[in-house]
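Let me begin by presenting the structure, written as structure tokens, before commenting on it.
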Amino acid sequence: MSSKIYSLSDLEAITASHKSQNKTIAHCHGCFDLLHLGHIRHFESAKKTADILIVTLTKDKFINKGPGRPVFNENQRAEAIAALQYVDYVAINNWATAEETIKILKPNLYIKGPDYKDQTNDLTDNIGIEENAVLSVGGKIHITEDESFSSSKLINTHFSPLDENIQSYLSDFKTRHNIDDVLKVLDKMKDLNVLVIGDTIIDEYHTCTPLGKSSKSPTISTKFETENSYAGGILAIANHIQEYTNNVHLITLLGEENTQLELIKSKLNQSITPAFFTRKDGPTATKRRYLDNYLNLKLFEVTFMNDRHIDKSLENEIINHFNSVYANYDLIVLADFGHGFITPNIIQALEKSNKYLSINAQTNSNNFGYNYITKFHNADYISIDEKELRLPFGDAYCSLETLIKKLADITNCYNIQITLGAKGSIIYKDNKFITIPAFADSIKDSVGAGDAVLSLTSLCSYLNIPSDITGFIGNCTGSLAVKILGNEKPVYKKDLAKFISHFIK
Numbered sequence: 134m135s136s137k138i139y140s141l142s143d144l145e146a147i148t149a150s151h152k153s154q155n156k157t158i159a160h161c162h163g164c165f166d167l168l169h170l171g172h173i174r175h176f177e178s179a180k181k182t183a184d185i186l187i188v189t190l191t192k193d194k195f196i197n198k199g200p201g202r203p204v205f206n207e208n209q210r211a212e213a214i215a216a217l218q219y220v221d222y223v224a225i226n227n228w229a230t231a232e233e234t235i236k237i238l239k240p241n242l243y244i245k246g247p248d249y250k251d252q253t254n255d256l257t258d259n260i261g262i263e264e265n266a267v268l269s270v271g272g273k274i275h276i277t278e279d280e281s282f283s284s285s286k287l288i289n290t291h292f293s294p295l296d297e298n299i300q301s302y303l304s305d306f307k308t309r310h311n312i313d314d315v316l317k318v319l320d321k322m323k324d325l326n327v328l329v330i331g332d333t334i335i336d337e338y339h340t341c342t343p344l345g346k347s348s349k350s351p352t353i354s355t356k357f358e359t360e361n362s363y364a365g366g367i368l369a370i371a372n373h374i375q376e377y378t379n380n381v382h383l384i385t386l387l388g389e390e391n392t393q394l395e396l397i398k399s400k401l402n403q404s405i406t407p408a409f410f411t412r413k414d415g416p417t418a419t420k421r422r423y424l425d426n427y428l429n430l431k432l433f434e435v436t437f438m439n440d441r442h443i444d445k446s447l448e449n450e451i452i453n454h455f456n457s458v459y460a461n462y463d464l465i466v467l468a469d470f471g472h473g474f475i476t477p478n479i480i481q482a483l484e485k486s487n488k489y490l491s492i493n494a495q496t497n498s499n500n501f502g503y504n505y506i507t508k509f510h511n512a513d514y515i516s517i518d519e520k521e522l523r524l525p526f527g528d529a530y531c532s533l534e535t536l537i538k539k540l541a542d543i544t545n546c547y548n549i550q551i552t553l554g555a556k557g558s559i560i561y562k563d564n565k566f567i568t569i570p571a572f573a574d575s576i577k578d579s580v581g582a583g584d585a586v587l588s589l590t591s592l593c594s595y596l597n598i599p600s601d602i603t604g605f606i607g608n609c610t611g612s613l614a615v616k617i618l619g620n621e622k623p624v625y626k627k628d629l630a631k632f633i634s635h636f637i638k
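If you read the sequence shown in the numbering used here, its first letter stands for residue 134, the second for the next number, and so on.
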């Protein structure tokens, strides 16, 4: 490892010492995944502005530039940059942006390339945050004038980490659409008014260290390590949609026993307008998962819920509220997790509204065989997985196309997406089928990925976006969602825009 590479805590003292000697500090920050001539010229220009040049790198876990990225891990990238004569010190950043790092290093100049001359071109909006940070420590931002290169374009063109199937798909996709075509779709979503309705689920993650077999029974003994709770179910969907739109109304069900209302309020985007209804005969649905702390593998799960249908009085209260508000919204996104909230009468009210209705009816371990998508008969868009398609028809081997057409006739819905996990997804619209490969190169947690896909593709479907763009956005969303543990956060618009931009350069 190069002697130029330090921790940020060590660099804090080093930069303070240099500044006490009246030396000026320049700071560059970025991913620098594929070191190229553009980077070298950028560092050369940066070095000319100050006595000392520090380069900090984005950690691997914060890089959202498409599957297979970064090509080089954070230690390899640090070593490569440290080998350059213009660079005095290198560190790996501890945060997603350089904001905190700038406050630690207190550079005189924060150096960015010519791509950042117009800050509106920054899809992440981080440059504004970072400029405020450098101003707060008495420095200023400096833009170099070097020729611009794109690591992502070079990697995608010459060193693609993608398999041939994805490369072929992207080549074909780019003959019809460019980056702006896709990013404009995300911008079109902002004026939509969306009503979301479905089951609240609290996702609890308890991590444990396995100790071995218990001496008195044939069970594995574990030691408790950590506990975290996240807003799942319809709460996660509402949070996803709020990232892209300006007006979300949430209708959902809580339980009087262990209502968890304070947790829910703390996890729900404050811009969402919620209508919470409470059943007196059960808790707020909670799924507690126990995980191996080292391997991040689920050991087992305990569910707390009353999954019987709610009583008639509460059902009428919910229907009356729905009837009083639905006219104010462009579309309805329904996620039926089969936990007793979405009754036949509520379904009837939703379908009678004649509003654009997007639906997912989930099959899970708590409702297996009892919550089929075929109970709906007036949908405008359906997004389910392959198992949720096959189970209602009791057919494990029939072609997907045949089953999708059967489902379309039963539900009067001719706009259907089936997610296929590692095989990607298939979309049926205008009597045509298109397939999109999966883009995820690693999976941290698949819980909630389908909800994220439903959220974004529902908005695309309402806007009548071409199916190939809808499917592409959906699979990009899913690729980011599987890297999030337990709905810890939504798929942020800036992260999705960055992923899309780098993926199809």
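Virtual Cβ for every residue (Gly too), placed ideally from N, Cα, C.
- Secondary structure remark: continuous alpha helix (DSSP H) runs of at least 4 residues inside the segment 170–227, in chain order: 170–181 and 207–215.
- Between the beta-carbon of T342 and that of T355 there is about 6 Å, and that keeps the pair under the 8 Å contact cut.
- By the C-beta density criterion, D528 is exposed, having fewer than 16 other C-beta atoms within 10 angstroms.
- When the Cα atoms are used, V204 and K181 turn out to be separated by approximately 30 Å.
- By the CB criterion at 8 Å, F410 and L383 fall outside the cutoff.
- Shown here, T568 sits in a strand according to DSSP, grouped into three states.
- In the three-state DSSP reduction, G581 falls in the coil class, being neither helix nor strand.
- D463 and F526 have their C-alpha atoms roughly 32 Å apart.
- Here R202 is buried. Its C-beta has 16 or more other C-beta atoms within 10 Å.
- DSSP links Q550 through a beta bridge to S516 and I560.
- Within its own chain, the residues whose Cβ lies closer than 6 Å to the Cβ of N206, once the five positions on either side in sequence are excluded, are D193, listed in chain order.
- For G473, the closest alpha carbon among the candidates F195, G388 and A630 is that of G388.
- For the pair I225 and V188, the Cα-to-Cα distance works out to about 9 Å.
- Annotation: I492 to A512 spans about 7 Å, alpha carbon to alpha carbon.
- The criterion of a C-beta distance shorter than 8 Å is not satisfied by I517 and T544.
- G581 is positioned such that its CB atom lies closer than 8 Å to that of G365.
- One Cα belongs to K400, the other to K431, and the distance between them is close to 23 Å.
- Contact between I465 and L490 holds, with the beta-carbon distance rounding to 5 Å and staying under 8 Å.
- Runs of the beta strand (DSSP E) lying entirely within the segment 413–438 and spanning at least 3 residues, in chain order: 419–425 and 431–437.
- Just so you know, the alpha carbons of V318 and I506 end up roughly 28 Å apart.
- Separation of K538 and L316 (C-alpha to C-alpha, rounded to the nearest whole angstrom) is 31 Å.
- In the three-state scheme derived from DSSP, where H, G and I count as helix and E and B as strand, E389 is classed as strand.
- In the DSSP assignment, the residues bridged to V329 are L383 and V466.
- The residues I506, L533, L536, I537, L540 and I551, in chain order, have a CB closer than 8 Å to that of L522 in the same chain once the five nearest residues on each side in sequence are set aside.
- DSSP places F409 within a strand segment (E or B) once states are collapsed to three.
- Around the beta carbon of R441, a 10 Å sphere encloses fewer than 16 other beta carbons of the protein chains shown; the residue is thus reported as exposed.
- By the CB criterion at 8 Å, T333 and T417 fall inside the cutoff.
- Residue pairing for N361: DSSP places it in a beta bridge opposite Y338.
- Sequence-distant partners of V435 (beyond 5 residues in either direction) whose C-beta falls short of 6 Å from its own C-beta, in its chain, are R421.
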